[in-house]
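Q: Shown below is the structure under consideration.
2 protein chains.
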Amino acid sequence: MYELTKSIPYLLNRAGVRMGALFSRRIEQFNLTLPMYRVLASLREQPGQKLSDLAETTVVELSTMSRMIGTLVTNGLVTRERLPNNERTVSINLTKEGIRIADLLIKEAMHYEEVAVRNLATADIEKLRFLLNEIHDLLDVLESEQESLLQ
Amino acid sequence: MYELTKSIPYLLNRAGVRMGALFSRRIEQFNLTLPMYRVLASLREQPGQKLSDLAETTVVELSTMSRMIGTLVTNGLVTRERLPNNERTVSINLTKEGIRIADLLIKEAMHYEEVAVRNLATADIEKLRFLLNEIHDLLDVLESEQESLLQ
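Those sequence lines, one after another, are chains A and B. Numbering-wise, the first sequence is residues 1 to 151 according to our numbering. Numbering-wise, the second sequence is residues 152 to 302 according to our numbering.
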């Protein structure tokens, strides 16, 4: 008999969605969503990114990312500049206030991570990171299957 | 420097949400959502469950579960009966059509799982199951923290 609550997709989605929901609730007071936080954290690590890079990292559609950056510009957290040698590409950076908020929320995210993996051995955490990347990559196979079913 | 894309919350949410989104899209043609599928799969394993059991397994609020069961009753997939010795509790079961759909989708879910863990050793899959349960349980700590912040 199939046991739903022991299946990897169920366990993965349950833990992942709950983790995201908890952190989303934590950053609500900053008027930020989870993808917005990811934009700030990603720009803190690597300034001057393009829309397409940020869309990939934060796992949102390019059109959604474009609107999201508009909101973050309005809120004074990021700037958007055309590159001098490429009219079609914009470079996105944190403002001073954006850096301040990013640092504050990264500190909070590190606390969430610390609690979530508190009971795990260091080797297990490394293993988990590897396994989550492996599974994410294999989901490409399922996505291709779906696309060929729709054709 | 903090690396967002190596953090466990990021990797966990990214893989979990993508897994859920892919399977949700797969079952759209049956007019079912992911929590509805979970209800069917859970009743296939354990018939005669209460609303509260199903709400816990499928990770939705009790009020949402009550509405969802209403929809599944209307669609002819489950039945809802009051227990003779307890007027306030209902027992939920699959109809014959509900069993047919559950079996079909469980087969599909098993395929998704098989693909997702295709590259992993059996011991790693066991390990992952353990780690995902551990993390999910530790998220209770973060939830309690949030509740005390709100008080």
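We put the beta carbon where it would ideally sit given N, CA and C, even for glycine.
Given that a residue counts as buried once 16 or more other Cβ atoms are within 10 Å of its Cβ, and exposed if not, what is residue 1(A)?
A: exposed
Q: Taking Cβ positions only, does residue 21(A) come closer than 7 Å to chain B?
A: no
Q: According to DSSP, is residue 242(B) part of a helix, a strand, or is it coil?
A: DSSP places residue 242(B) in the strand class (E or B) of the three-state scheme.
Q: Is residue 200(B) buried or exposed, if buried means 16 or more other CB atoms sit within 10 Å of its CB?
A: buried
Q: Alpha carbon to alpha carbon, how far is residue 229(B) from residue 301(B)?
A: Distance between the alpha carbons of residue 229(B) and residue 301(B) is about 39 Å.
Q: Please check if any C-beta of chain A sits within less than 7 Å of the C-beta of residue 160(B).
A: Closer than 7 Å to some Cβ of chain A, the Cβ of residue 160(B) qualifies, so yes.
Q: Determine the extent of the alpha helix (DSSP H) in which residue 32(A) is found, giving its start and end residues.
A: Segment: none, residue 32(A) is in no alpha helix (DSSP H) and carries neither H nor E.
Q: Are residue 192(B) and residue 257(B) touching if we call contact CB-CB under 7 Å?
A: With contacts defined by Cβ atoms closer than 7 Å, residue 192(B) and residue 257(B) form a contacting pair.
Q: Closer than 7 Å by beta-carbon distance: list the chain B residues that pair up with residue 16(A), in chain order.
A: 163, 164, 166, 167, 168
Q: Entirely within the segment 198 to 269 of chain B and at least 3 residues each: give me those beta strand (DSSP E) ranges in chain order.
A: 229 to 234, 237 to 245
Q: Identify whether residue 7(A) lies in helix, strand or coil by the three-state DSSP scheme.
A: coil
Q: Mind checking residue 189(B): buried by the 16 CB within 10 Å criterion, or exposed?
A: buried
Q: Once DSSP output is grouped into helix, strand and coil, what is the label at residue 121(A)?
A: coil
Q: Which same chain residues end up closer than 8 Å to residue 45(A) when comparing Cβ atoms and leaving out the 5 residues on each side of it in sequence?
A: The beta carbon of residue 45(A) sits closer than 8 Å to none of the beta carbons in its chain outside the five residues before and after it.
Q: Could you name the residues of the same chain whose beta carbon sits closer than 6 Å to that of residue 224(B), not counting the 5 residues immediately before and after it, in chain order?
A: 231
Q: Whole angstroms are fine: how far does the CA of residue 245(B) sit from the CA of residue 198(B)?
A: In this structure, the CA atom of residue 198(B) is about 7 Å from the CA atom of residue 245(B).
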